[in-house]
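Residue numbers (my numbering), protein chains in the order written: chain A, -14 to 275; chain B, 5 to 209. Where a beta carbon is used, it is the ideal one built from N, C-alpha and C, also for glycine.
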């Protein structure tokens, strides 16, 4: 299978380990990725003018004939929203006024979790691929907002289960994580830090209370808010959280037998070592039993 | 219930404002029944001076100043839960986006949040991509009170090699299609807005 890859700006900065693990996992799953040539920023949640934001996405979509895969939920949601809006002929004509290569026909956009899930479902025997099941590990499935909203896409925008299902397929156990859909407030973090901090600490506490060994993130902004920001939140609220936040691709990679380095696990802010140690210990036990 | 329920728009300016928001956010906004599902679903509602429900009402009443001066429009995280749940299929988030867009065009209206959005949009327009180093650096200059927070974050990210600490590296991300980017903003965006972005640029560099 071949897909066009839209990295998004964060893949080249604070979300490097997401890109590293995305590329490694796709390679392992036999998914060929071709990076979109000269791609531009999707505008994220900061371009309030909808026509401009649609045109920014359209310029990326016209640069390939392949279905487009994004790993960032914000980029994914912008590209998908544009794809839907551009079915409107009038808007398409207006946007095309500014584009060098015109937007025509239908495009396809998918998130990396769909790529992973699709490849695992297609496999004759997923056990051949999941060579290192994450037995004994508990994962808090954190969806955030934009993967499923405003709806009509991957899964239910109120109570999705695609991530829990993936966690199970990989051999781990999803925890009952009540705040799994709660917005991380990342989009307002830069000017409104206080507002975001209150929500973030609640999400982290709830994930920890659910008994999770780690949280699974699907979006680099959610990840930034829960991982790199975690030491700052610990200081601010005077409590220890120490909860590793793994990207969905890092979690998948581990189960596919990829090494910590191939998945950029040392680039996470909160140490991912406890996860690796628990995994190694569970495997050791299994060997002893055998 | 002490709020007025009249839909009468008193001034021509109010009427123009109402029409502009409807054009941007969709005519269905008029069908709002003020049920408050949007406010009840909003993750930052507790921090807002005007709930989203009331913001929609202010728009329909043409209360331009009260709507634009609300801090609420900058506390929206764009999470879209209001839009998922609205029983009238209104997109309350699009109403907020329209208000932000109008605010940014208005002469003399400026706050730290609109400054941030201005820097973000201008970086896309000029370079095609966002450099987190340039974004943070510019925002820190324009909004010095943010410095402590940005530095603390930087201390977390820089040792991990996630932020390029040079203007050369940051500018190296400039795409080839910057002319096209400029055209997107100029042809499809509001001219006043790009003019204001220009002012921001001059004030920064």
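Taking C-beta pairs closer than 8 Å, name the residues in chain B that residue i reaches, listed in chain order.
i	result
residue 36(A)	192, 193
residue 136(A)	88
residue 173(A)	48, 78, 79, 80, 81, 117
Taking Cβ-Cβ distances shorter than 8 Å, what residues in chain A pair up with residue i?
i	result
residue 189(B)	37
residue 181(B)	23, 25, 44, 85
residue 128(B)	25, 26, 28, 32, 41
Does chain B have any CB closer than 8 Å to the CB of residue i?
i	result
residue 238(A)	no
residue 250(A)	no
residue 31(A)	yes
residue 140(A)	no
residue 254(A)	yes
residue 60(A)	no
residue -2(A)	yes
residue 16(A)	no
residue 216(A)	yes
residue 112(A)	no
residue 178(A)	yes
So, is residue i buried or exposed, given that buried needs 16 or more other C-beta atoms within 10 angstroms?
i	result
residue 161(A)	exposed
residue 126(B)	buried
residue 155(B)	exposed
residue 113(B)	exposed
residue 6(A)	buried
residue 9(A)	buried
residue 37(B)	exposed
residue 15(B)	exposed
residue 35(B)	exposed
residue 148(B)	exposed
residue 93(B)	exposed
residue 39(B)	exposed
Please state whether DSSP places residue i in a helix, a strand or coil.
i	result
residue 228(A)	coil
residue 128(B)	helix
residue 199(A)	strand
residue 16(B)	helix
residue 54(A)	strand
residue 96(A)	strand
residue 86(A)	coil
residue 180(B)	coil
residue 259(A)	helix
residue 128(A)	coil
residue -11(A)	strand
Measure how close the beta-carbons of residue i and residue j come, nearest whole angstrom, since I'm counting them as under 8 Å.
i	j	result
residue 240(A)	residue 153(A)	No, residue 240(A) and residue 153(A) are not in contact; Cβ-Cβ is about 11 Å, not under 8 Å.
residue 1(A)	residue 249(A)	6 Å
residue 80(A)	residue 43(A)	5 Å
residue 40(A)	residue 188(B)	5 Å
Listing by chain order, which chain B residues have their CB less than 7 Å from the CB of residue i?
i	result
residue 167(A)	47
Hey, is residue i's beta-carbon within less than 8 Å of any beta-carbon in chain A?
i	result
residue 22(B)	no
residue 18(B)	no
residue 56(B)	no
residue 155(B)	no
residue 184(B)	yes
residue 205(B)	Any reading at residue 205(B) needs caution, since the residue's pLDDT is 48, under 50, leaving its predicted position unreliable; the model's value is listed next. Not one chain A Cβ lies under 8 Å of residue 205(B).
Taking C-beta pairs closer than 7 Å, name the residues in chain A that residue i reaches, listed in chain order.
i	result
residue 134(B)	-6, 26
Name the chain A residues that come within less than 9 Å of residue i, Cβ to Cβ?
i	result
residue 167(B)	-2, -1
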